[in-house]
Every structure is written in C-alpha cells, then in structure tokens.
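**Student:** Residue numbers (our numbering), protein chains in the order written: chain A, 1 to 398; chain B, 1001 to 1266.
Don't be surprised by glycine CBs; every beta carbon is placed ideally from N, CA and C.
Structure in structure tokens, see below.
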C-alpha cells in the first residue's frame, strides 16, 4: 500500500489544503523547509541527538507479563512512549517542528492543546531552543488538566484560555489558526497531530514514525517475529500513525485504531468518527472524516480523555480505513477507566486516559487469542495528569 | 454581464468606488436578514456579501464568530439562507448578492445542488474563505456552470503568480485581503496596503475590492481612492449585535452604512 501524500497533499480522496489564502505562502515555506531538512544530515543529526539526550529515546518495549497472565490469552507488549520526557509521544513532533521553526528563522511558536500533552511538549522545546511560546487551550480542558497548565507556565509559555464554541481542542485549533494567519511572518504553528492542511499530516507523521521504526526492530529482537496485532488510540491520530507506519507494508499484522466511545451513541456523547456515525467533510484545513450534522456544522464531542475529544481525524487514517488496512473501533469512558486501573494494578504503570483506550481494547481481545499470539500496544502517554480528573469522575473529588 | 460586473461598471462611470456590505445571514434571524439587505441597499450599498454561518469560522475575528453563533442559534441553515435570497428577490431587490462561505456547508449540501439552488434563488456569486485555487476544482466548475461568479481572493502574503492565477480562474471581482489576519475592525490600515492594491490592479483586469479591518468612513475614503471597491463587515455586524431582533434594526443599519457608502465618493 502506498504511503505518504501525493503532490497536492492528498491521501487517496482525503487531505488537501483548505485554508485562507494568507496561509498558503507559509504552508509552502514550511513544506520547502521540511523537504530540505529531510535531506540535511546536520538537521537529522541534531534531531537524533536531542531525541537521545533530551527526549529519552529510544523508549523501551515492555512485556506486560502480569497483565497478560490476568487476561489469560495473547501476550501484551507496551511501547513505552509514556517514558518520553514530558510524559508522552508528543515531544517527538514538537522537537522536530521546533527545529524546523528555527531553520525558517521564526522566533515564535504557537500550539493548540487538548490534554495538555502537546502544549507541554511545545513549551518544553521552546524553553530548550529559546523560542517565544503561546499555547491555546479550551477553558474546559484547562479545568480538567490543571497540572499541565502549571507546567507550561513554569517553562515560560503563555497559556491562552479559549472560551468559544465547545471550549475544547477543536476551538483551541481555531484560535491557533487565527493567531497564525495574523502573525505568519514571525510565527510557526506547531500543529500537534496528523491533522490540518498539507504538509502538517505528512510532517507530524514523519516525526512520529520514530515510534514505529524503533519498536519494529525491538520486537524483532525480543521475539524474532512480528506482532499479530498493533493497537493505538486515535484522537487526531499521531501516535497511531507513528506506530502503524512501520507495519502498514506488513499485511499480516492487524492494525486497530481505538476511538473515544464516550458515554453513549448520540451526538455530543462520544468522539468516534469512524466507529460512531461520522462522514467526510472539511475541518481545520483538511478533507477527512468528521462528526457533523446534515448542514455541515461540526457537532460537539465528548470523551473522558481531553486528547481524544475532537471531531475530526487525520486524513491518512481515513485512507487506511477506506482501504481496509486499519480497522477502527471504539472504547467507552467506563472501559477506558477500567483499563486505567487494571494496568496500574498489574504492572505499576499508570497510563494516560488516551492510552488507556488502547489498553482496554487489547484487554477485550486478548483472552480469545492464543497464548503465543502477540499484541503490541502503543502506550502513548503516562497518566499522572489524569489522577485529579479520574477522582472527580469517580466522585472522590469535587 | 453579471449583476456583479454591472455594479462595478456603474460605480466606475460615477467615478467612485463600489461600496460592499457584509452581514451574516440569520443574524439575528433570517426574516430580519431580508430587511437588513434592503436597508443596506437603501443606505447606499452597491453589493451585499451574505455570510453563511459556520460552526468553526477560522478566518473570522470575534465579531463575525459571534454573529455566526447567533445565526446558528436562530436555526439558520444553508438551505434557509438560499430561501432568504429568494425572499429578497421576491421583494424586487436586484442588488448583487455574493454568498460568503466556508467549504464544508457547501460540501454537505452537495456542490451541484448548492450551485443550482443558489442560482435559482437569485444569488450572483460565491466567495470561499478557505478554498485556495489549489482546491477550487472541487467547486469552481459546478458553480460557474450554474452561472455564479466565483470570487477570487488575494492576500498580503500571495505571490504575484498566485494573484494572477486566482484572478484568471475567478470572476466578478478580486477580493484583496487588506492585512494578514482575520476579519474584524482595526484602528488603522496596514501600512503596505497602498502598494498591495497597486500591485493587484496591475495583475488583473477584474475590479479590485479591499476588505478586512475597514470600519470607519475615513478608512473607507482612503481605500476608495485606490481600489474599485471597499468592503465593510464587522462594523455593521457589531451594530446588528447591539440592536438585535428589533423593528428598529433596518433603520439603524441604513443610517449606519449611509456615511460609509458616501465615503466611496471622491
């Protein structure tokens, strides 16, 4: 199966560039900078050095023996992106794009954030590289991810509350795009997922593909084979794209993306685009699957995990879905919470609520699979940030 | 010649710039929009841009975002906007109407169906805020075939090549965005505006209309000396927000735009 977009930024029928004219020049500049960087040994060496000495790569591949034994089926393996500096895979992309921003001579970076993981990653690399940084975050998300707001501010970023629309990730992206269109000459927008107008889905996928590359050889080394199933949660879809990218060409490896099933099937109760009644349309510069009403207005979403509370999905995922290469399913808030608890108890690893969706799916299918089968789960982030929210949802805190 | 081209020709004969007024359809209600468009014409508008409200208007500043929220809250749909255009025409209004929209409402409607219904309702053109020439193929042919002018946009960051291509593919007029940024009133005009208007005029035979950030008669007068048309949007939208769903609305709008329209005359 073909990987990567065509020259116009399309993945099959999906992708493209649906933005105000003012952004066309900076998007073209970004694509040129990225193409140049990809061929540039110095850029590659600098990124590899920071990945190793700053971000903590390579992250380990961990065999979850007690969890597997408890489930009594397939062996479960965890790619430990939660051990990255800042606590999630988001640092991979933030590092790459911040280096690109420097190369383009931009002194200011902006970002959107939902769970706060991407915002923290961008604030971190901005501090590292001496860039001015502003992060847009919905007020609803600021409430449920307070520790991440404090971290960003501690590192010198300005966190701007977004009070429009649904006050979550979608609205933070709207606001970041408005900032970018106003300050294009000095500012680079570090988009946090495989979303948005071309070339963002391509760039973010490339910087996240380090996950797949590492785990492919780690898995080979430890098992002498390939996993039978690879599972990742899909909000915008960057950690999934990063790990899937190494396995797409290996047709006998099943790939499953897990969306947020929320608390019900109705509009506004979940964020499952593929598995919950979405359809193709344009949001945030790209043609992809969305949760929208009959008139093309974006519908509200819900997920217990702020990072998956988003109505669109990366265009490459839409292509993979159409081609049948990746299947997409959903896991409810309650199931994710159960997995959050189970992984903490059995392995001493507290997963992010986002990643807990992937763990929950693995836990559902593992018992029916043979003991010698292997499931690889991308553990995209750690869950310390979620403790307060979990306590609140479970009624143990206000 | 389309109604849009006629409006610019008439203004040129009168040695003045055309005055273009933007409002969001359905703000506060679609019934009021009929009155507001008539009031804009009486106040001296040569052309009306009618915004189709969108839940995620990334090219718009706070005024138009709030207007879109009010319009959606009053139950406005793209179909309702087209029915309102027909209602305006049924009152004998022949002021040119350009539908100002994001891509997704049109995609959800169906591009062919939208083109057919918009033309049948009496719209004259369509302007997309988030469809650069690279993606125009999806919309341009169907809208053009239905007889609608697809109005091209140019921005301060557009290269000369891009402006030329956009203008060649478009019809009616070239909408020149006055500054990098979103819609909304500003205290001053961009310093490089004069140069970019001159450049745009050299690159196309289409009339050049300038919008984004123009809100006062003084600003209109300055731009009117350089361009073929001047667009005022958020300032009118802000008036509508203050008055709301009231029988006074039409009169307030007419009184508010009259000095803006007069400022288009030398």
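Which chain B residues sit within Cβ distance under 7 Å of residue 182 of chain A?
**Tutor:** Near residue 182 of chain A (Cβ distances below 7 Å), the residues of chain B are 1180, 1181, 1182.
**Student:** Is there contact here, the region 215-230 of chain A with the region 283-300 of chain A, by at least three beta-carbon pairs under 8 Å?
**Tutor:** Cβ pair count under 8 Å is below three, so no.
**Student:** When the cut-off is 9 Å and only beta carbons count, does residue 201 of chain A lie next to chain D?
**Tutor:** The structure shown has no chain D; the protein chains it does contain are A and B.
**Student:** Taking residue 1129 of chain B as the query, report the chain A residues whose CB atoms sit under 7 Å from its CB, ordered along the chain.
**Tutor:** Here the neighbours are 20.
**Student:** Decide if residue 137 of chain A is buried, meaning its Cβ has at least 16 other Cβ atoms within 10 Å, or exposed.
**Tutor:** Residue 137 of chain A should be labelled buried.
**Student:** What does the alpha-carbon distance come out to for the pair residue 354 of chain A and residue 126 of chain A?
**Tutor:** Roughly 25 Å separates the two Cα atoms.
**Student:** Check the C-beta distance from residue 330 of chain A over to residue 241 of chain A and give it rounded, since I have them as a contact under 8 Å.
**Tutor:** Rounded, the Cβ-Cβ distance is 18 Å, inconsistent with contact.
**Student:** Assuming residue 1003 of chain B contacts residue 1117 of chain B (C-beta within less than 8 Å), just tell me the rounded distance between them.
**Tutor:** Not a contact, Cβ separation roughly 18 Å.
**Student:** Measure the CB-CB distance between residue 1237 of chain B and residue 1064 of chain B and report whether it falls below 9 Å.
**Tutor:** It is a contact, given that the beta carbons lie within the stated cut-off.
**Student:** Taking the continuous beta strand (DSSP E) assigned at residue 134 of chain A, which residues delimit it?
**Tutor:** First-last of the beta strand (DSSP E) with residue 134 of chain A: 132-138.
**Student:** Under 7 Å Cβ-Cβ, which residues of chain B neighbour residue 178 of chain A?
**Tutor:** Chain B residues near residue 178 of chain A: 1058, 1182.
**Student:** With distance defined between alpha-carbon atoms, name the residue in A:201, A:144, A:226, A:253 nearest to residue 326 of chain A.
**Tutor:** Ranking the options by Cα distance to residue 326 of chain A, first place goes to A:253.
**Student:** If you count every other CB in all the chains shown that lies within 10 Å of the CB of residue 1031 of chain B, and 16 or more means buried, which is it?
**Tutor:** Residue 1031 of chain B should be labelled exposed.
**Student:** Are there three or more Cβ pairs, one per stretch, closer than 8 Å when the region 1184-1202 of chain B is compared with the region 1217-1235 of chain B?
**Tutor:** Yes, the region 1184-1202 of chain B is in contact with the region 1217-1235 of chain B.
**Student:** Can the beta-carbon of residue 1176 of chain B be found closer than 9 Å to that of residue 1210 of chain B?
**Tutor:** Yes, the Cβ-Cβ distance between residue 1176 of chain B and residue 1210 of chain B is below 9 Å.
**Student:** Which runs of the beta strand (DSSP E) spanning at least 3 residues fall entirely within the region 180-222 of chain A, listed in chain order?
**Tutor:** Correct list: 187-189.
**Student:** Scan the region 281-308 of chain A and note each continuous beta strand (DSSP E) run of 3 residues or more that stays entirely inside, going in chain order.
**Tutor:** Within the region 281-308 of chain A, the complete beta strand (DSSP E) runs of at least 3 residues are 286-290.
**Student:** What distance in whole Å lies between the Cβ atoms of residue 1123 of chain B and residue 1097 of chain B, which are believed to be in contact at a cut-off of 8 Å?
**Tutor:** Residue 1097 of chain B to residue 1123 of chain B, Cβ: 5 Å. Contact.
**Student:** Measure the beta-carbon distance from residue 399 of chain A to residue 289 of chain A and round it to whole angstroms, keeping in mind my assumption that it falls under 8 Å.
**Tutor:** Residue 399 of chain A is absent from the structure shown; chain A starts at 1 and stops at 398.
**Student:** If contact means a Cβ-Cβ distance below 9 Å, which residues of the region 288-304 of chain A contact chain B?
**Tutor:** Here the close residues are 290, 292, 293, 294, 295, 296, 297, 298, 299.
**Student:** Residue 1010 of chain B lies in the alpha helix (DSSP H); which residues open and close that run?
**Tutor:** Looking at the DSSP string, the run of the alpha helix (DSSP H) that includes residue 1010 of chain B is 1003-1013.
**Student:** Between the alpha carbons of residue 1091 of chain B and residue 1082 of chain B, how many angstroms are there, rounded?
**Tutor:** When rounded, the distance between both Cα atoms is 15 Å.
**Student:** If distances are taken between C-alpha atoms only, which option among A:357, A:311, A:27 comes closest to residue 305 of chain A?
**Tutor:** Checked all of A:357, A:311, A:27; the closest Cα to residue 305 of chain A is A:357.
**Student:** Determine whether the Cβ of residue 185 of chain A lies closer than 9 Å to any Cβ atom of chain B.
**Tutor:** Taking Cβ atoms only, chain B reaches closer than 9 Å to residue 185 of chain A, which makes this a yes.
**Student:** Within the same chain, show all residues whose beta-carbon is closer than 6 Å to that of residue 86 of chain A, passing over the 5 residues directly before and after it, in chain order.
**Tutor:** Excluding residues within five positions, the ones whose Cβ falls inside 6 Å are 120, 121, 124.
**Student:** Helix, strand or coil for residue 1020 of chain B per DSSP?
**Tutor:** Looking at residue 1020 of chain B - three-state DSSP - the assignment turns out to be strand.
**Student:** Check whether the Cβ of residue 16 of chain A lies closer than 9 Å to any Cβ atom in chain B.
**Tutor:** So yes, residue 16 of chain A belongs to the interface.
**Student:** Per DSSP, what kind of secondary structure is residue 1127 of chain B in: helix, strand or coil?
**Tutor:** Three-state result, residue 1127 of chain B: strand.
**Student:** Can you tell me whether residue 150 of chain A is helix, strand or coil according to DSSP?
**Tutor:** It is helical.
**Student:** Compare the Cα-Cα distances from residue 1260 of chain B to each of B:1011, B:1183, B:1203, B:1019 and report the closest residue.
**Tutor:** Among B:1011, B:1183, B:1203, B:1019, the Cα nearest to that of residue 1260 of chain B belongs to B:1019.
**Student:** In chain order, what residues of the region 1030-1045 of chain B put their CB closer than 7 Å to some CB of chain A?
**Tutor:** Here the close residues number zero.
**Student:** If contacts are defined as beta-carbon pairs under 8 Å, then residue 215 of chain A and residue 61 of chain A qualify, I think. What distance do you get, rounded to the angstrom?
**Tutor:** Right, their Cβ atoms sit about 6 Å apart.
**Student:** Taking C-beta pairs closer than 7 Å, name the residues in chain B that residue 8 of chain A reaches, listed in chain order.
**Tutor:** Per Cβ cutoff of 7 Å: 1134.
**Student:** Just curious, the alpha helix (DSSP H) that residue 63 of chain A is in, first and last residue?
**Tutor:** Not the alpha helix (DSSP H): residue 63 of chain A falls in the beta strand (DSSP E), residues 61-63.
**Student:** Shorter than 8 Å, the distance from the beta carbon of residue 315 of chain A to the closest heavy atom of the ligand GTP, or not?
**Tutor:** The ligand GTP is absent from the structure shown, which contains no ligands of any kind.
**Student:** Kindly indicate if chain A contains any beta-carbon less than 9 Å away from that of residue 1099 of chain B.
**Tutor:** Judged by the 9 Å Cβ criterion, residue 1099 of chain B is not in contact with chain A.
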